[in-house]
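Numbering (my numbering), first residue to last: 7 to 224. Each residue gets a CB set at the ideal place from its N, CA and C atoms; glycine is no exception. Scroll down for the structure; my scribbles are underneath it.
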């Protein structure tokens with residue numbers, strides 16, 4: 007990626023996201039926790055776990071334990087296959103998972119939750135459930151996640167410029183969590199994703215658009 011003019015490009019992507027903003031929903035945090043409706047199996051299970059963790063004052067602990075499980079699943083293909091494989095007997099999965107959870111000193115609430123997933127044949131959804139749980143906890147803390155993708159890594163100054171450009175999208179009390187991803191396949195430019203905003207200003211997108219124009223003209 008050429009640095010000349012890159013900062014303007016990143017600022018422009020942020021400006022486009024702000025210009026098209028329709029706001030980001032955020033559930034109010036109260037003593038009696040209220041969550042926005044969660045759709046799909048992963049969302050419902052994640053919401054149930056979140057509520058249980060809050061009521062038992064073990065949210066931080068449960069969040070850390072789920073993060074460890076998620077990391078193990080992403081780093082170990084064997085463990086991921088073991089959890090997701092429907093041919094592995096339920097009892098074998100429960101024993102294996104209990105062994106892993108015991109070694110990490112997991113709380114009873116996490117152990118019971120994993121056991122519930124196994125009993126309901128939902129362990130194949132574990133990765134998605136963990137993802138939804140992380141979304142819920144971030145939302146309740148007022149965190150808004152955004153992702154910027156470039157062909158090469160960004161400098162600290164460029165990341166700061168993007169953060170500043172996205173500030174108008176945030177509501178009072180919200181905090182921006184900006185994640186950087188590097189994808190050489192986009193060739194150059196930038197892709198910005200935040201909530202329901204998706205701004206693709208990559209060179210790859212331009213090439214595809216030109217290719218479509220050529221195909222339509224033939």
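- A distance below 6 Å between beta-carbons, with the five flanking residues on each side excluded, links residue 184 to the following residues of its chain, in chain order: 152 and 169.
- Per the coordinates, the alpha-carbon of residue 87 lies some 11 Å from the alpha-carbon of residue 129.
- For residue 108, the uninterrupted alpha helix (DSSP H) run begins and ends at 96-109, by DSSP.
- Taking a cut-off of 8 Å on C-beta distances, the segment 83-100 does not touch the segment 150-167, as fewer than three cross pairs fall below it.
- The Cβ atoms of residue 116 and residue 71 sit closer than 9 Å to each other.
- Between the alpha carbons of residue 89 and residue 219 lies a gap of roughly 46 Å.
- The C-beta distance from residue 42 to residue 135 rounds to 17 Å, too long to meet the 8 Å contact threshold.
- As computed with DSSP, residue 149 is found in a beta bridge with 181.
- Exclusion of the five residues before and after residue 96 leaves 124, 125 and 127 as the residues of its chain whose Cβ lies within less than 8 Å of its Cβ.
- Taking 9 Å as the cut-off, the Cβ atoms of residue 131 and residue 51 count as close.
- Where residue 159 is concerned, there is no enclosing alpha helix (DSSP H), because DSSP gives it neither an H nor an E.
- Collapsing the DSSP output to three states places residue 194 in coil.
- In summary, residue 145 is buried, with 16 or more beta-carbon neighbours lying within 10 Å of its beta-carbon over all protein chains present.
- Judged by their CB atoms, residue 149 and residue 182 are nearer to each other than the 9 Å cut-off.
- One thing to note: residue 205 has its Cβ no nearer than 9 Å to the Cβ of residue 194.
- Excluding sequence positions up to five before and after residue 85, its CB lies within less than 7 Å of the CB of 78 and 79, all in the same chain and listed in chain order.
- Listed as beta-bridge partners of residue 204 by DSSP are 199.
- Our two residues, residue 189 and residue 213, have alpha carbons roughly 16 Å apart in a direct line.
- Assigned with DSSP and collapsed to three states, residue 44 falls in coil, not helix or strand.
- The shortest C-alpha to C-alpha distance from residue 104 to any of 66, 91, 75 and 92 is the one to 75.
- Burial state of residue 160 is buried, judged by a 10 Å Cβ sphere holding 16 or more other Cβ atoms.
- Where residue 222 is concerned, the enclosing alpha helix (DSSP H) starts and stops at 209-223.
- Closest by C-alpha distance to residue 46, out of 112, 137, 40 and 109, is 137.
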